[in-house]
Amino acid sequence: MIVSMVLELQDIPGQLVLALSPISEFHGNILSVIHKHDEKTPRGTIPVQITFEIEHRVLNNLIDRLEKSGVKVARVGEERLRSTVSIILIGHIVHSDMGDTIDKIDSTGFAEVVDMSLSMPAIERTSSAYLVINAIGEKELGKALDIMKEVADKKDLLLIEPIRLNSVGL
Amino acid sequence: MRIVNISIIGFGAVGQGVARSILSKKEYLEKEGIDLRVVGISDSKGSEINTNGIDIESTLLRKKEKGSVATGTENSLDIIRNVNHDIVVETTPTNINNGEPGLSNMRLAFESGMHVVTSNKGPLALHFNELKETAEDNGLLFRYEATVGGAVPIFSLVHEALAGNSVTGIEGILNGTCNYILTRMSEERMPYDLVLKEAQESGIAETDPTYDVEGIDSAIKLVIIANSIFGQNSTYRDVNVTGITKITPEALELANENNYVVKLVCEASGGMLRVAPRLVPKRHPLAVGGTLNVASILTDLAGRITISGKGAGSIETASSILSDILYIVRRS
Chain F
1 MIVSMVLELQ DIPGQLVLAL SPISEFHGNI LSVIHKHDEK TPRGTIPVQI TFEIEHRVLN
61 NLIDRLEKSG VKVARVGEER LRSTVSIILI GHIVHSDMGD TIDKIDSTGF AEVVDMSLSM
121 PAIERTSSAY LVINAIGEKE LGKALDIMKE VADKKDLLLI EPIRLNSVGL
Chain P
171 MRIVNISIIG FGAVGQGVAR SILSKKEYLE KEGIDLRVVG ISDSKGSEIN TNGIDIESTL
231 LRKKEKGSVA TGTENSLDII RNVNHDIVVE TTPTNINNGE PGLSNMRLAF ESGMHVVTSN
291 KGPLALHFNE LKETAEDNGL LFRYEATVGG AVPIFSLVHE ALAGNSVTGI EGILNGTCNY
351 ILTRMSEERM PYDLVLKEAQ ESGIAETDPT YDVEGIDSAI KLVIIANSIF GQNSTYRDVN
411 VTGITKITPE ALELANENNY VVKLVCEASG GMLRVAPRLV PKRHPLAVGG TLNVASILTD
471 LAGRITISGK GAGSIETASS ILSDILYIVR RS
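The listed protein sequences derive, respectively, from chains F and P. Note that this note's numbering has the first sequence beginning at 1, numbered continuously upward. Note that this note's numbering has the second sequence beginning at 171, numbered continuously upward.
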């Protein structure tokens, strides 16, 4: 999961390392650090917003560790559904139970269909749908796409997915 | 002046395009110090042989008037076996079932000590490695730029211009007919059947369009790319293929509203070969329209390199063939 935390650090040298090292100890992958020097809190501390990827089960231990080492954890929020993909489905989408198709993604817990437009030209003709799927990370997004492919296959729908855009490291 | 003797085996649109290009480039070739002579031309009905060089103009006229170049009964294999020349230009039609007659022509050419330049996809999609090895074993050159992307120089770009790079993946649009149909459907909001008919009437699609619209042609080209660039030993059966026949104008409209176009994209990466309709962002270099072809090559050093151009046409394809002929002349 991807977590965004606001920590409050004392305005003395070495505090940032104190905040970051526990995250790497718990094998967190730090994505961004925003050090808000000019936004001192009334308590005289400096807020730092850190976004990182970490296993869900170690999150509470991490917070404990941070608090024990004197870093105040002001806010913890999960950055859900950070990755996104657009797809098109063609076929008898409604008659093959669109609700069920969406459920298959929503029930994963790591991905959701967040947008959908449907075009049904005539009863006997195939319809087309544009869907946006969001997921908590790229890996999960890949899994969600695989589920979608399986469903499309079973329901005889044509699934059109995007080209791999930033596929430098294919 | 260096005399280079070639034969043109197969005298359809591509073969005739090669002949016309040689005629129109006479001065250029002379400046390069090359006297390019066509000593044998064959089509399905017979052949013409002249060891001093065929008068191409009159052969083109005879082909137009009589439907054949034949002045004699020797066939393609006779020319390759018996007429002494340097390069066999193999432009017979693609046969994806067994690669013939191109396969036998190429095998015999290598056995007879001749270089081969070809536009024929069949033999390469079925026996790429065998042909490549036979050429190498005999110290001969095997050039096939015209098999993929028409005028677009994909292979020389990768093998020569990008030498030293490792190619990590390729995405491309390699079938002009499909690209034309999808572009028209999207721009005119017309259904597939209607656009296909229009494409057939204007000669862009074949009477039997299966080969193009089911993605077979794209898959064959992808196989040649995989074998040539990634050193794979793939055949048509290794490609996961979906064609464009199920695409609706509504799907294209939905894509358009969200800043995408739908293209039949060939993808080779990580050993996986796939031809399928894909969403391409409108401003992406792969989003070329009409009958254009495009290839986007991902490399470790140069990053992404994308080239596009005309994927078919008699003279355009001849451009690739002529370039291959000159490559051989300069290196042999």
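For every residue, glycine included, the Cβ atom is placed at its ideal position computed from N, Cα and C. Just so it is clear, the structure is predicted and the values come from calculations on it, not from any experiment.
TODO: Use the C-beta contact count for P379 (chain P): other C-beta atoms within 10 angstroms, 16 or more gives buried, fewer gives exposed.
DONE: Taking the first residue of the second sequence as position 1, residue 379 (chain P) is located at position 209. P379 (chain P) is buried by the Cβ-count criterion.
Task: Outcome for V94 (chain F) when other beta-carbon atoms lying within 10 angstroms are tallied against a minimum of 16 - done: Sequence index remark: in the first sequence, residue 94 (chain F) carries index 94 (1-based). The residue is exposed, with fewer than 16 neighbouring Cβ atoms inside 10 Å.
Task: Secondary structure of D378 (chain P), DSSP reduced to three states - done: The count along the second sequence starts at 1 and reaches residue 378 (chain P) at position 208. Residue state, collapsed to three classes: coil.
- [ ] Please report the residue range of the alpha helix (DSSP H) in which Q370 (chain P) lies.
- [x] Working through the second sequence from its first residue, we reach residue 370 (chain P) at position 200. Residue range 362-371 is occupied by the alpha helix (DSSP H) that includes Q370 (chain P).
- [ ] Taking only beta carbons into account, state which residues of the segment 137-167 of chain F come closer than 8 Å to chain P, listed in chain order.
- [x] Against chain P - using a Cβ distance shorter than 8 Å - the residues of the segment 137-167 of chain F are L158, I160, E161, P162, I163, R164, L165, S167.
Task: Interface positions of the segment 407-423 of chain P facing chain F (Cβ-Cβ less than 9 Å), listed along the chain - done: Using a CB distance below 9 Å, the part of the segment 407-423 of chain P facing chain F consists of T412, K416, I417, T418, P419, E420, A421, L422, E423, ordered along the chain.
Open item on the list: If contacts are defined as beta-carbon pairs under 8 Å, then G180 (chain P) and T261 (chain P) qualify, I think. What distance do you get, rounded to the angstrom?
Closed with: To locate residue 180 (chain P), count along the second sequence from 1; it is residue 10. To locate residue 261 (chain P), count along the second sequence from 1; it is residue 91. At roughly 4 Å, the Cβ-Cβ gap stays under 8 Å, so G180 (chain P) and T261 (chain P) are in contact.
TODO: For Y198 (chain P), count neighbouring C-beta atoms within 10 Å of its own C-beta (all shown protein chains included) and say buried if the count is 16 or more, exposed if not.
DONE: Residue numbering aside, residue 198 (chain P) sits at position 28 when the second sequence is read from its first letter. With fewer than 16 other beta carbons inside 10 angstroms of its own, Y198 (chain P) counts as exposed.
Open item on the list: Under 8 Å, Cβ to Cβ, is there at least one residue of chain F near V435 (chain P)?
Closed with: The residue given as residue 435 (chain P) occupies position 265 in the second sequence. Chain F, which has a Cβ nearer than 8 Å to the Cβ of V435 (chain P), makes this yes.
- [ ] Could you tell me whether the Cβ atoms of K480 (chain P) and L352 (chain P) are closer together than 8 Å?
- [x] Your numbering for residue 480 (chain P) matches position 310 in the second sequence. Your numbering for residue 352 (chain P) matches position 182 in the second sequence. Their beta carbons are not under 8 Å apart, which means K480 (chain P) does not touch L352 (chain P) by this criterion.
Task: Top-ranked residue by Cα proximity to A295 (chain P), from P:D248, P:D307, P:E281, P:Y314 - done: Position 125 of the second sequence, counted from the first residue, corresponds to residue 295 (chain P). Comparing Cα positions, the closest option is P:Y314.
TODO: Grab the span of the alpha helix (DSSP H) containing H35 (chain F) for me, first residue to last.
DONE: As a first step, residue 35 (chain F) is located in the first sequence; it is residue number 35 there, counting from the start. That residue, H35 (chain F), is in no alpha helix (DSSP H); its beta strand (DSSP E) goes 29-35.
Open item on the list: Quick check: is the beta carbon of I193 (chain F) nearer than 8 Å to any beta carbon in chain P?
Closed with: Here chain F has residues from 1 to 170 only, and residue 193 (chain F) is not among them.
Task: Paired residues, beta bridge with A129 (chain F) - DSSP - done: If you number the first sequence from 1, residue 129 (chain F) lands on position 129. Partner(s): F:L89, F:L118.
- [ ] Determine, using beta carbons only, whether I399 (chain P) and V337 (chain P) come nearer to each other than 8 Å.
- [x] The residue you call residue 399 (chain P) lines up with position 229 of the second sequence. The residue you call residue 337 (chain P) lines up with position 167 of the second sequence. In contact: I399 (chain P) and V337 (chain P) (Cβ atoms closer than 8 Å).
TODO: Would you list the one or two residues that DSSP bridges to L434 (chain P)?
DONE: Walking along the second sequence from the start, residue 434 (chain P) turns up at place 264. The partner list for L434 (chain P) (beta bridge, DSSP) reads P:P447.
- [ ] List the DSSP bridge partners of E218 (chain P).
- [x] Numbered from its first residue, the second sequence carries residue 218 (chain P) at position 48. E218 (chain P) has P:I211 as its beta-bridge partners, per DSSP.
Open item on the list: Taking CB distances under 8 Å as the criterion, tell me whether P455 (chain P) reaches chain F.
Closed with: Counting from one through the second sequence, the residue named residue 455 (chain P) turns up at place 285. Output row for P455 (chain P): interface = no.
Open item on the list: In the DSSP output, which residue or residues are listed as bridge partners for S466 (chain P)?
Closed with: Start at 1 with the first residue of the second sequence, and residue 466 (chain P) comes out as number 296. As DSSP reads the structure, S466 (chain P) sits in a beta bridge with P:E341, P:T476.
Task: Completely contained alpha helix (DSSP H) runs for the segment 263-351 of chain P, where each covers 4 or more residues - done: Entirely contained in the segment 263-351 of chain P, the alpha helix (DSSP H) runs reaching 4 residues are, in chain order, 272-281, 291-307.
Open item on the list: Going by C-alpha to C-alpha distance, which of P:I176, P:G319, P:A472 sits closest to N222 (chain P)?
Closed with: Against the second sequence, residue 222 (chain P) aligns to sequence position 52. Closest in alpha carbon position to N222 (chain P), among P:I176, P:G319, P:A472, is P:I176.
- [ ] Please decide whether Y430 (chain P) counts as near chain F, where near means a Cβ-Cβ distance under 8 Å.
- [x] Against the second sequence, residue 430 (chain P) aligns to sequence position 260. For Y430 (chain P), the nearest CB of chain F lies under 8 Å from its own CB, placing it at the interface with that chain.
- [ ] Mark H56 (chain F) as exposed unless 16 or more other C-beta atoms lie within 10 angstroms of its C-beta, in which case mark it buried.
- [x] As a position in the first sequence, residue 56 (chain F) is number 56, starting the count at 1. H56 (chain F) comes out exposed.
Task: Residues that K72 (chain F) bridges to, as DSSP identifies them - done: Within the first sequence, residue 72 (chain F) is the residue found at index 72, counting from 1. Partner(s): F:E8.
Task: Contact the segment 435-444 of chain P vs the segment 356-371 of chain P: 3+ CB pairs below 8 Å - done: In short, these stretches do not touch, since the Cβ pair count stays below three.
Task: Whole-angstrom C-beta distance between L62 (chain F) and I23 (chain F), which should lie under 8 Å - done: In the first sequence, the residue the question calls residue 23 (chain F) occupies position 23. In the first sequence, the residue the question calls residue 62 (chain F) occupies position 62. Here I23 (chain F) really is in contact with L62 (chain F); their C-beta atoms are around 7 Å apart, less than 8 Å.
Task: Opposing strand residues paired with L158 (chain F) [DSSP bridges] - done: In the first sequence, residue 158 (chain F) corresponds to position 158, counting from 1. F:I90, per the DSSP bridge assignment.
TODO: Note down, in chain order, all residues in the segment 437-469 of chain P with a beta-carbon under 9 Å from any beta-carbon belonging to chain F.
DONE: For the segment 437-469 of chain P, which is checked against every Cβ of chain F, the residues closer than 9 Å are E437, S439, G440, A446, P447, R448, L449, V450, P451, H454, L456, S466, L468.
- [ ] Taking I395 (chain P) as part of the beta strand (DSSP E), name the residues at either end of that continuous run.
- [x] The residue given as residue 395 (chain P) occupies position 225 in the second sequence. In the DSSP assignment, I395 (chain P) falls outside any beta strand (DSSP E) and lies within the alpha helix (DSSP H) extending over 386-399.
- [ ] Taking 8 Å as the threshold, find out whether the segment 447-461 of chain P comes into contact with the segment 283-290 of chain P through three or more Cβ pairs.
- [x] Segments in contact, no.
- [ ] With distances taken Cα to Cα, identify the nearest neighbour of G460 (chain P) among P:G182, P:C348, P:F312.
- [x] As a working note, residue 460 (chain P) is residue 290 in the second sequence. Closest by alpha carbon: P:C348.
Task: Coil, strand or helix - Q186 (chain P) by DSSP - done: Here residue 186 (chain P) corresponds to residue number 16 of the second sequence, with the count starting at 1. In the structure shown, Q186 (chain P) sits in a helix (DSSP, three-state: H, G or I).
- [ ] Quick one: grab the DSSP three-state call for Q15 (chain F).
- [x] For the purposes of this step, residue 15 (chain F) is taken as the residue at position 15 of the first sequence. Residue state, collapsed to three classes: helix.
TODO: At 9 Å on the CB atoms, spell out the chain P contacts of S86 (chain F), in chain order.
DONE: Here the question's residue 86 (chain F) lines up with position 86 in the first sequence. The contacting residues are A425, N428, Y430, L449.
- [ ] Could you pull out every residue in the same chain whose Cβ sits closer than 8 Å to the Cβ of V383 (chain P), ignoring the five residues on either side in sequence?
- [x] Walking along the second sequence from the start, residue 383 (chain P) turns up at place 213. Answer for V383 (chain P): T347, C348, I351, L366, A375, G413, I414, T415, listed in chain order.
Open item on the list: Below 8 Å on C-beta distance, what does T51 (chain F) contact in chain P?
Closed with: Taking the first residue of the first sequence as position 1, residue 51 (chain F) is located at position 51. The contacting residues do not exist; T51 (chain F) stays about 26 Å from chain P at best.
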